[in-house]
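According to the working numbering, the sequence shown is numbered sequentially starting from 40.
Glycine included, each C-beta is placed from N, C-alpha and C at the ideal position.
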Amino acid sequence: MTDLGLRFVRRPGPGGRAANLAALGATAVVALLVTFLIAGSLGLAHRSDRIGWRSSDKADPATAIGMLNLDDRQHVDGHRLSVLELAVLRPNEQAPPPGLSHTPKPGEVFVSPEVAKHWSSLSKQYGLAEPTGVITSKGLSSPEEFIIIRGVEKVSTEGHPQHVSTWNDKMWDSRMVALLIAVAFGITLVLFPILSLVGQAAGVAAKRREHRLAALRLAGATRMQVLWLSAVEQAVLGAAGAVIGLLGYTALSPLIAQIPLGGGRWYVGDITVTWWTVLVVLVAVPVLSVVSALIGLGRVSITPLGVVRGQTRKGVSMIRLALLVIGPVVLAYYGMQAALLPLLIGVGFAALAVRIIGPWAVQLVGRTMANLANGPVALLAGRRLVDDPKGAFRPVAALVLSGFVTGFISVFLPPGDDDPSFTDMRIGVALLLSLVFLTVAASTAAGAVGTALDQAAPARALRRSGVPLRVIERASRLAAVVPVIGVGLPVVGFGALCGLALSGGKVITQGSSGVILLLGQVVAGLVLVAVAGAAGAPVLRKASAN
40 MTDLGLRFVR RPGPGGRAAN LAALGATAVV ALLVTFLIAG SLGLAHRSDR
90 IGWRSSDKAD PATAIGMLNL DDRQHVDGHR LSVLELAVLR PNEQAPPPGL
140 SHTPKPGEVF VSPEVAKHWS SLSKQYGLAE PTGVITSKGL SSPEEFIIIR
190 GVEKVSTEGH PQHVSTWNDK MWDSRMVALL IAVAFGITLV LFPILSLVGQ
240 AAGVAAKRRE HRLAALRLAG ATRMQVLWLS AVEQAVLGAA GAVIGLLGYT
290 ALSPLIAQIP LGGGRWYVGD ITVTWWTVLV VLVAVPVLSV VSALIGLGRV
340 SITPLGVVRG QTRKGVSMIR LALLVIGPVV LAYYGMQAAL LPLLIGVGFA
390 ALAVRIIGPW AVQLVGRTMA NLANGPVALL AGRRLVDDPK GAFRPVAALV
440 LSGFVTGFIS VFLPPGDDDP SFTDMRIGVA LLLSLVFLTV AASTAAGAVG
490 TALDQAAPAR ALRRSGVPLR VIERASRLAA VVPVIGVGLP VVGFGALCGL
540 ALSGGKVITQ GSSGVILLLG QVVAGLVLVA VAGAAGAPVL RKASAN
């Protein structure tokens, strides 16, 4: 069965090449996104390790070796500037702070490379023609950081002076902690679209091999043999996609490093993948692909005759609606002041509810459309949605979940002032939407191919019975658009409701940016579906021709 599985990968048969390429591309996108999320989180840790000592506040004043006071409200030539005053309280033999040649003495000034470029505007203020030294990359969070570390006799009492017991503790910087919390929320929000993309990637190839595996079962193959054969095929595609995704991330790393999050661009070394990150991606992505493929082949392994006869899957239950209540209730109960884990659980339950209830909503919309149909196009599209709501929802699942993400964050768009935390939040929102949009685009493209191959046999039968090809294609496009409108739009509202529940009913967004974001999500979704339908039409036309 292993040899046969490898042979099917090399020679996939009619329509199999398109399915394998679609699955390979989608899996590569999944691997790239997973690598990005892991490397980005580690990058924040690397940044914090270099600058965490600046926000240390744990030392006993009786034993502290020094005091610090950070003022980040100053400016130089239009750039926001941070000034860190450092006073040595007692003699010590500790190594100097990271990035400095020695611990600053009173009157000495160390500056970042960016501040050094503007020193002419500061030399008079500090009474030095040139700074004492330039801080190296080992003591900066970003190549663009504007910071001055100044030695003083006594730290100013303004602000919040801090006692430190060492200059070299690897502690979390407060701004990096806030960013990491935001990353955790972002990962939770983008996780379900990514998982939908994994399922879509596996489903495209698995759906194509469904009838072939059913024939093998009827010919005498055991259930375990069929599952192993499918696992071998999907594992090869998943591993190849993981390698392509890792190579793609490595090639894009210099561009990713230009994202000005957390105060400036990144050092490429901060976001370079480690050996264990490579190992995690090379193992996790193929395993997820195999699991998704095997779940999709449950009907083949149990009832192969149902596949050959085109037996309809069991409908989904309305009882799933109860899941819609859990997420908003959890978010409203804990609110924005709660610990991180309960909020992540609430967001996760809400997104999971959308994913689980989606097929039921598609089935309901399809039944309504079929009952009200006044022509063959609407009737065919409605019947398809009713007969296989899970299969109809799968290609647009990531798109619908992106509507939930957009609705959720539309409540939290901050104002456009000079506050660094607001700047990080705006950039983070843009980055999150970019990740979701990339996931949606890959899932929609793979779904277009999968849907076309899925409908090849019914379309072939309809063409033989005299139904015009244009009617079949219009019905297929309508069946793709209806779930986006009928299910996606309510999900956008549900996402906004969850955001309001978390904020206690307050819309933090100022101006019309939230409305523009929601409208942009709707337009982008419809455009993606239209493009995917146009791309899937040739595949459907060719697959149903024989």
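Based on the DSSP output, what are the partners of residue i in its beta bridges?
{"i": "Val-326", "result": "Per DSSP, none; premise fails for Val-326."}
{"i": "Gly-468", "result": "Looking at the sequence provided, one finds Val at residue 468 rather than Gly. Note: Val-468 sits in no beta bridge, so no partner."}
{"i": "Ser-121", "result": "Ile-186"}
{"i": "Met-106", "result": "Ala-126, His-202"}
{"i": "Val-586", "result": "One cannot answer for residue 586 here, as it falls past the ends of the chain, which runs 40 to 585."}
{"i": "His-114", "result": "Arg-119"}
{"i": "Gly-172", "result": "Phe-149"}
State the Cα-Cα distance for the pair residue i and residue j, rounded to the nearest angstrom.
{"i": "Lys-177", "j": "Thr-548", "result": "37 Å"}
{"i": "Asn-59", "j": "Leu-276", "result": "7 Å"}
{"i": "Val-404", "j": "Gly-525", "result": "7 Å"}
{"i": "Val-531", "j": "Phe-451", "result": "14 Å"}
{"i": "Ala-101", "j": "Ser-195", "result": "18 Å"}
{"i": "Thr-418", "j": "Leu-517", "result": "Just to set this straight, residue 418 is Leu in the shown sequence, not Thr. If you take the alpha carbons of Leu-418 and Leu-517, they lie about 10 Å apart."}
{"i": "Leu-123", "j": "Ile-187", "result": "6 Å"}
{"i": "Ala-436", "j": "Val-568", "result": "12 Å"}
{"i": "Arg-348", "j": "Arg-503", "result": "Legend: pLDDT at Arg-348 = 48, less than 50; position of this residue unreliable, value from coordinates given subsequently. Their backbone Cα atoms lie some 18 Å apart in a straight line."}
{"i": "Ser-498", "j": "Trp-399", "result": "Looking at the sequence provided, one finds Ala at residue 498 rather than Ser. Between Ala-498 and Trp-399, the C-alpha separation is close to 24 Å."}
{"i": "Val-173", "j": "Gly-117", "result": "21 Å"}
{"i": "Val-339", "j": "Pro-459", "result": "For Val-339, the pLDDT reaches just 48, beneath the cut-off of 50, and the residue's location in the model is therefore unreliable, leaving the point undetermined."}
{"i": "Thr-227", "j": "Ala-481", "result": "19 Å"}
{"i": "Lys-163", "j": "Gln-133", "result": "32 Å"}
{"i": "Gly-486", "j": "Glu-197", "result": "59 Å"}
{"i": "Ile-104", "j": "Ser-151", "result": "24 Å"}
{"i": "Pro-434", "j": "Ala-279", "result": "22 Å"}
{"i": "His-202", "j": "Arg-189", "result": "16 Å"}
{"i": "Val-561", "j": "Arg-423", "result": "24 Å"}
{"i": "Leu-333", "j": "Ser-269", "result": "7 Å"}
{"i": "Ala-420", "j": "Ile-220", "result": "43 Å"}
{"i": "Arg-406", "j": "Val-425", "result": "6 Å"}
{"i": "Ala-361", "j": "Gln-376", "result": "26 Å"}
{"i": "Pro-529", "j": "Leu-391", "result": "15 Å"}
{"i": "Ile-341", "j": "Gly-259", "result": "No answer about Ile-341 holds up, because its pLDDT of 47 lies below 50 and its placement is not dependable."}
{"i": "Trp-388", "j": "Ala-563", "result": "The residue asked about is misnamed: residue 388 is Phe in this sequence, not Trp. Roughly 26 Å between the two C-alpha positions."}
Nearest to residue i by alpha carbon, out of the options?
{"i": "Val-570", "options": "Pro-415, Ser-94, Gln-164, Val-520", "result": "Val-520"}
{"i": "Gly-82", "options": "Ala-437, Val-216, Leu-286", "result": "Val-216"}
{"i": "Ala-156", "options": "Tyr-165, Glu-169, Lys-144", "result": "Here the sequence assigns Lys to residue 156, which means Ala is not the residue at that position. With distances taken between Cα atoms, Lys-156 lies closest to Glu-169."}
{"i": "Pro-428", "options": "Gly-166, Ile-396, Ser-449, Gly-442", "result": "Ile-396"}
{"i": "Pro-325", "options": "Trp-92, Ala-61, Val-69, Asp-42", "result": "Val-69"}
{"i": "Ser-235", "options": "Asp-426, Ser-328, Ala-496, Gly-532", "result": "Ser-328"}
{"i": "Leu-109", "options": "Leu-120, Ala-103, Asp-99, Val-115", "result": "Leu-120"}
{"i": "Phe-476", "options": "Gly-489, Ile-104, Phe-443", "result": "Phe-443"}
{"i": "Trp-315", "options": "Ala-573, Ala-61, Ala-78", "result": "Ala-78"}
{"i": "Leu-565", "options": "Thr-445, Thr-205, Phe-185, Leu-438", "result": "Leu-438"}
{"i": "Asp-208", "options": "Leu-391, Glu-147, Arg-93, Phe-149", "result": "Arg-93"}
{"i": "Leu-557", "options": "Glu-153, Ala-323, Thr-445, Ser-482", "result": "Thr-445"}
{"i": "Gly-166", "options": "Thr-175, Lys-545, Val-148, Glu-153", "result": "Val-148"}
{"i": "Ile-295", "options": "Met-375, Leu-76, Val-510", "result": "Leu-76"}
{"i": "Val-222", "options": "Gly-308, Leu-285, Gly-527, Ser-80", "result": "Ser-80"}
{"i": "Ala-576", "options": "Ala-563, Gly-559, Thr-490", "result": "Thr-490"}
{"i": "Ser-159", "options": "Pro-145, Pro-130, Val-115, Gly-414", "result": "Val-115"}
{"i": "Ser-551", "options": "Arg-465, Ser-449, Ser-473", "result": "Ser-449"}
{"i": "Ala-62", "options": "Val-488, Val-554, Leu-230", "result": "Val-488"}
{"i": "Ile-466", "options": "Leu-391, Arg-56, Tyr-373, Ile-298", "result": "Ile-298"}
{"i": "Trp-211", "options": "Ile-90, Tyr-306, Met-263", "result": "Ile-90"}
{"i": "Leu-470", "options": "Arg-214, Glu-153, Val-229", "result": "Val-229"}
{"i": "Met-263", "options": "Val-468, Asn-131, Thr-41, Arg-129", "result": "Thr-41"}
{"i": "Leu-266", "options": "Ala-390, Val-330, Phe-388", "result": "Val-330"}
{"i": "Gly-308", "options": "Val-320, Pro-135, Val-322, Ser-292", "result": "Ser-292"}
{"i": "Val-368", "options": "Arg-513, Gly-544, Leu-474, Ala-431", "result": "Gly-544"}
{"i": "Val-554", "options": "Ala-535, Leu-541, Ala-540", "result": "Ala-535"}
So, does the CB of residue i fall closer than 8 Å to a CB anywhere in chain C?
{"i": "Asp-426", "result": "Protein chain content of the structure displayed is limited to a single chain, and chain C is not contained in it."}
If contacts are defined as beta-carbon pairs under 8 Å, then residue i and residue j qualify, I think. What distance do you get, rounded to the angstrom?
{"i": "Pro-200", "j": "Leu-107", "result": "7 Å"}
{"i": "Leu-300", "j": "Asp-463", "result": "6 Å"}
{"i": "Pro-522", "j": "Val-401", "result": "5 Å"}
{"i": "Phe-533", "j": "Val-364", "result": "Wrong, their Cβ atoms sit about 11 Å apart, outside the cutoff."}
{"i": "Glu-192", "j": "Gly-303", "result": "No, Glu-192 and Gly-303 are not in contact; Cβ-Cβ is about 31 Å, not under 8 Å."}
{"i": "Gly-15", "j": "Leu-179", "result": "No answer is possible for residue 15: it lies beyond the span of the chain, which begins at 40 and ends at 585."}
{"i": "Gly-284", "j": "Ala-67", "result": "4 Å"}
{"i": "Val-386", "j": "Ser-441", "result": "At roughly 14 Å, the Cβ-Cβ gap does not stay under 8 Å, so Val-386 and Ser-441 are not in contact."}
{"i": "Ala-98", "j": "Ser-204", "result": "4 Å"}
May I ask you to verify whether the stretch 485 to 504 touches the stretch 76 to 93, counting CB pairs closer than 8 Å and requiring at least 3?
no
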